[in-house]
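Asker: Residue numbers for the sequence shown follow full-length UniProt numbering, so the first one is 1 and each next one is one higher. All C-beta atoms, glycine included, are put in the ideal place defined by N, C-alpha and C.
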Amino acid sequence: MTAEDSSKEEIMSATFDALCEHGYANLTMQSIADEFDKSKSLIHYHYDSKDDLLAAFMDHLLENFVEMVTGCGGQDPVEELRRMADIVVVGADDGNDANDFHTALLGLRAQAPYDEKLRDQLARNDARIRELIADIVRDGQEQGQFDESVDPEEFAALFRSAIEGAQAHGVVLGDAAPTDEVMAAVDDLLVNRLLVGGEGGEADGEEGGE
C-alpha cells in the first residue's frame, strides 16, 4: 500500500468514526479531522468538499461490503446470502459498534429525499448490491443448487428490501425489534426456498402432480 493509499484508508476510518459519533446531519470536515491523526489539510488535499469525501466513503463501504460477502470467491451461494443478511441486520464482526453505524446509516438515508447527490449515490450502491445478490442466485442456479425458475432480479429486490428493513427496525425499535424472527424468516422463507427440492420447489411439484 502506498503512502497515499494509506492516508486515504485512514481518512475513511476517521469518516466512519465521525459519522457514527455525530450522525450525517452534524457531520463536518472538522469533525472528521478530529478523528484523523494527521492534519486537516491532508483531507482537503484528497477531497475538495464534504460531498466528495462522502461519495468516496460510500464507495469504500460498498467495496468492503462486497469483499465481506464474497471473500476470495468460490464460496457456497447459500452461505453468501446468509452472510450478507447477517452483516446487514446484525452487523459485521469487525470490532465496530454495529448499532452506532446502523443509526448513522439510517440518518444518512433520511436525508436522501432532500439531497439529490446523496440520493443518486445511495441508488447506485443499492443497484450494485442488488446486482451482487442476483449474481449469487445465478451462480447457485448454474451450480444446480438453486431453482432455475426463480427470477434473480426479483429475488434480489425482495431479499435486499427484507434485510435493509430489518436493519432499520433494529435501529428504531432497539431490543423490541423482531431481529431473530426476521433472520429465521429470511433463511426459511427466502434462502431455503431457492434450493432445488426446497419447500418452494416441493410445493410446485405437488401442485403439478395434482
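1) Where DSSP assigns a beta bridge to L19, which residues make up the other side?
2) Taking the runs of the beta strand (DSSP E) that are 3 residues or longer, which of them lie wholly in the segment 135-172?
3) Between which two residues does the alpha helix (DSSP H) holding D51 run?
4) Between I87, L54, L61 and A56, which lies nearest to V69 when the distance is taken from Cα to Cα?
5) Just how far apart, CA to CA, sit G200 and E164?
6) What would DSSP say about L195, mapped onto helix, strand or coil?
7) Could you check the C-alpha separation between F101 and Q145 for me, to the nearest Å?
8) Alpha carbon to alpha carbon, what distance is there between L27 and Q121?
9) Given a cut-off of 8 Å, decide if A134 and F152 are closer than it, judged by their beta-carbon atoms.
Answerer: Working from what's here:
1) Walking along the sequence shown from the start, residue 19 turns up at place 19. None, per the DSSP bridge assignment.
2) Segments of the beta strand (DSSP E) lying fully in the segment 135-172: there are none.
3) For the purposes of this step, residue 51 is identified with residue 51 of the sequence shown, where counting begins at 1. Here the alpha helix (DSSP H) through D51 covers K50 to T70.
4) Position 69 of the sequence shown, counted from the start, is the residue given in the question as residue 69. A check of alpha carbon separations from V69 across I87, L54, L61 and A56 identifies I87 as the nearest.
5) Against the sequence shown, residue 200 aligns to sequence position 200. Against the sequence shown, residue 164 aligns to sequence position 164. Only weak support exists for where G200 lies, its pLDDT of 48 falling under 50; the coordinates are left without a value.
6) Locating residue 195 in the sequence shown gives position 195, counting from the first residue. L195 carries a strand assignment under DSSP once its states are collapsed to helix, strand and coil.
7) Taking the first residue of the sequence shown as position 1, residue 101 is located at position 101. Taking the first residue of the sequence shown as position 1, residue 145 is located at position 145. Roughly 34 Å separates the two Cα atoms.
8) The residue given as residue 121 occupies position 121 in the sequence shown. The residue given as residue 27 occupies position 27 in the sequence shown. If I take the Cα positions, the gap works out to 17 Å.
9) Residue numbering aside, residue 152 sits at position 152 when the sequence shown is read from its first letter. Residue numbering aside, residue 134 sits at position 134 when the sequence shown is read from its first letter. This sequence places Pro at residue 152; Phe is not what is there. Cβ atoms of P152 and A134: closer than 8 Å.
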